[in-house]
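Chemist: Dumping the structure here so I can ask a few things about it.
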Amino acid sequence: MLLFLINFITGSILFILGQASIIPNITYSNIYGQQVSSLEAVNFIAISLQLMGILCLFLYFKDKLKKE
């Protein structure tokens with residue numbers, strides 16, 4: 571349950587910081603010539619953390635129901 575809270579809150583904070591422009595949006599080219607945005611990377615990490623948090627919550631309740 572604690573892992574859910576940590577992942578979900580961390581992801582939410584990262585997402586809010588990115589949307590509030592506190593994390594700068596730096597665009598650069600990688601070695602393959604693709605344009606990469608730091609804000610897109612932060613949003614991807616934030617959403618991934620939130621999804622992992624939801625998965626941890628699901629597994630927690632699945633385990634709780636199995637024990638009963």
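The sequence shown lines up with residues 571 to 638 when you count with the working numbering.
Heads up, the beta-carbon is just placed ideally off N, CA and C, and yes, glycines get one too.
1. Mind checking which residues open and close the beta strand (DSSP E) that includes residue 582?
2. List the endpoints of the continuous beta strand (DSSP E) containing residue 602.
3. Between the Cα of residue 592 and the Cα atoms of 620, 621, 613 and 630, which residue gives the shortest distance?
4. Quick check: what's the CA-CA separation for residue 596 versus residue 608?
5. Taking C-beta to C-beta, are residue 623 and residue 574 nearer than 7 Å?
6. Grab me the residues of residue 619's own chain with a C-beta within less than 8 Å of its C-beta, minus the 5 sequence neighbours each way, in chain order.
Modeler: Short version:
1. Working through the sequence shown from its first residue, we reach residue 582 at position 12. Note, residue 582: premise wrong, no beta strand (DSSP E); alpha helix (DSSP H) at 572-589.
2. Locating residue 602 in the sequence shown gives position 32, where the first residue counts as 1. Here residue 602 belongs to no beta strand (DSSP E), and DSSP marks it neither H nor E.
3. Residue mapping note: residue 592 aligns to position 22 of the sequence shown, counting from 1. Of the candidates 620, 621, 613 and 630, the one whose C-alpha sits nearest the C-alpha of residue 592 is 613.
4. In the sequence shown, the residue the question calls residue 596 occupies position 26. In the sequence shown, the residue the question calls residue 608 occupies position 38. Rounded to whole angstroms, residue 596 to residue 608 spans 5 Å at the Cα level.
5. The sequence position of residue 623 within the sequence shown is 53, counting from 1. The sequence position of residue 574 within the sequence shown is 4, counting from 1. Cβ atoms of residue 623 and residue 574: closer than 7 Å.
6. Looking up residue 619 in the sequence shown gives position 49. Excluding positions up to five away in sequence, the list reads 577, 578, 580, 581 and 584.
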